[in-house]
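Residue 13 is where the sequence shown starts when you use the numbering used here, and the numbers rise one by one after that. Every residue gets a Cβ at the ideal spot worked out from N, C-alpha and C, and that includes glycine. Nothing here was measured: the structure is a model prediction, and the numbers come from that model.
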Amino acid sequence: MTSTHGTTASYEGYRHRHLLGIEGLTASEILFLLDLSDGYVALNRGADKKKDLLTGRTVINLFFENSTRTRTSFELAAKRLSADVINMSVAWSSIKKGETLIDTAMTLNAMHPDVLVVRHPDSGAVQLLAEKMNCAVINGGDGSHEHPTQALLDALTIRRRLGGIEGLQVAICGDIAHSRVARSNIHLLTTLGARVRLIAPPTLMPGQIDRMGVETFSDMRKGLKDCDIVMMLRLQTERMQGSYVPSTREYFHFFGLDQEKLQAAKPDALIMHPGPMNRGVEIDSELADDIHRSVIREQVEMGVAVRMACLETLNHNLHAARSRQEQAAQ
Numbered sequence: 013m014t015s016t017h018g019t020t021a022s023y024e025g026y027r028h029r030h031l032l033g034i035e036g037l038t039a040s041e042i043l044f045l046l047d048l049s050d051g052y053v054a055l056n057r058g059a060d061k062k063k064d065l066l067t068g069r070t071v072i073n074l075f076f077e078n079s080t081r082t083r084t085s086f087e088l089a090a091k092r093l094s095a096d097v098i099n100m101s102v103a104w105s106s107i108k109k110g111e112t113l114i115d116t117a118m119t120l121n122a123m124h125p126d127v128l129v130v131r132h133p134d135s136g137a138v139q140l141l142a143e144k145m146n147c148a149v150i151n152g153g154d155g156s157h158e159h160p161t162q163a164l165l166d167a168l169t170i171r172r173r174l175g176g177i178e179g180l181q182v183a184i185c186g187d188i189a190h191s192r193v194a195r196s197n198i199h200l201l202t203t204l205g206a207r208v209r210l211i212a213p214p215t216l217m218p219g220q221i222d223r224m225g226v227e228t229f230s231d232m233r234k235g236l237k238d239c240d241i242v243m244m245l246r247l248q249t250e251r252m253q254g255s256y257v258p259s260t261r262e263y264f265h266f267f268g269l270d271q272e273k274l275q276a277a278k279p280d281a282l283i284m285h286p287g288p289m290n291r292g293v294e295i296d297s298e299l300a301d302d303i304h305r306s307v308i309r310e311q312v313e314m315g316v317a318v319r320m321a322c323l324e325t326l327n328h329n330l331h332a333a334r335s336r337q338e339q340a341a342q
């Protein structure tokens, strides 16, 4: 069977029921989702942005952490595919009243959603929910574990700008210790053949992270040398218990991206940031707005396309599996 959007892509390219992380996905599975996303970029840039692919389907966005950017992106993606969308936040969730995560899963199951998008502050919580739900589950970011759609949208941005990912030198800089974005990107970029460098102060560099096949640096200029991509990360102070950096001013001096440090990278190196940015802390404002080097706004655009592709694929796989079960029961 071919996808309803692409003319040649087959749903056989991604046969999983959920999207819980990039770790474990093959290069061909990642490329399938990127190829499908490419078509949605064109659709989203046109006058008629809507398809009826998910008419009658229900998508629930369950966010235990605040996230205007990611939640809105998922919501827009689902609505452009004509799904019914429900947004639930922890502010009014029964979790606040003492309900367990499993109880929440059972309650949501009774509503018969087709796709559940979950963001949770604890690593592994999304996996636990997926084991209890009958619908497809997408990890919208769990603790410091993974944020798979962010890595996919980053890869789509890079591929559309540079034509491919294999052989690129990518520097991921900043708060590696608390970053699910960094982990998903490491898995994806290395799977597609890029070389990944991590740059951070020792307090924000996880121990033994070099086992993931990356190089580590504590000096920005050395780490950025000859890189094709400079991916900056947000300093996640809300996850820090204690002092990880002396001050934001000193952090910017040593690890914030400015014109002087950027000169170590290739002259045409692209600048990325998953947002939201702390200007003057992680990145100089002039560089963030540089239309020739910064692709930060493009990352946001690619996010909607990637999430449309993921929703389409998981919805198809879910209902194909249910059809097989019904046929087997007859």
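With a CB to CB cut of under 6 Å and the five nearest residues on each side skipped, what residues in its chain are close to residue i?
i	result
A277	L236, C239, V242
C185	I211, M244
D187	L216, L245, L247, Q248
S101	F75
G366	For residue 366 there is no data in the structure shown, the boundaries of the chain being 13 and 342.
L201	V182, V208
H199	I34, E35
P160	L31, G33, I34, N151, S196
Let me check one thing: in DSSP terms, what residues is residue i bridge-paired to?
i	result
R207	Q181
M243	I184, M284
S101	F75
V149	L128
T325	According to DSSP, which records beta bridges pairwise, T325 is partnered with nothing at all.
L174	L174 is not bridged to any residue.
L201	Beta-bridge pairing links L201 to no other residue.
T70	D96
L31	I150
Looking only at its own chain, which residues have a Cβ that is under 8 Å from the Cβ of residue i, when we skip the five neighbours before and after it?
i	result
V293	L247, T260, Y263, F264, G268
S155	The displayed chain sequence assigns Gly, not Ser, to residue 155. Counting only Cβ-Cβ distances below 8 Å, and skipping sequence neighbours, we find H132, P133, D134, S135, G136, A137, R192.
R171	L46, I177
Buried or exposed for residue i, going by 16 or more other Cβ atoms inside 10 Å?
i	result
F266	exposed
M284	buried
E250	exposed
T116	buried
D50	buried
G176	exposed
I303	exposed
Quick check on residue i: does DSSP put it in helix, strand or coil?
i	result
V226	coil
S335	helix
I308	helix
R57	helix
M13	Residue confidence is low: M13 scores 42 on pLDDT, short of 50, so the model does not pin down where it sits. No coordinate-derived value is stated.
H132	strand
L93	coil
R81	helix
E158	strand
F75	strand
L269	strand
I295	strand
T119	helix
L330	helix
I42	helix
S196	helix
With a cut-off of 8 Å on the beta carbons, I'd call residue i and residue j a contact; round off their distance for me.
i	j	result
V208	V226	5 Å
P286	Q311	7 Å
N151	V130	7 Å
L204	A167	7 Å
K61	S94	Actually they are not in contact, since the Cβ atoms of K61 and S94 sit about 11 Å apart, beyond 8 Å.
N99	N73	5 Å
A189	P214	With 8 Å as the limit, A189 and P214 do not qualify as a contact, their Cβ atoms being about 10 Å apart.
Excluding sequence positions up to five away, which residues of its chain have a Cβ less than 7 Å from the Cβ of residue i?
i	result
C147	P125, D126, V127, L128, L330
Q162	V193, S196, P286
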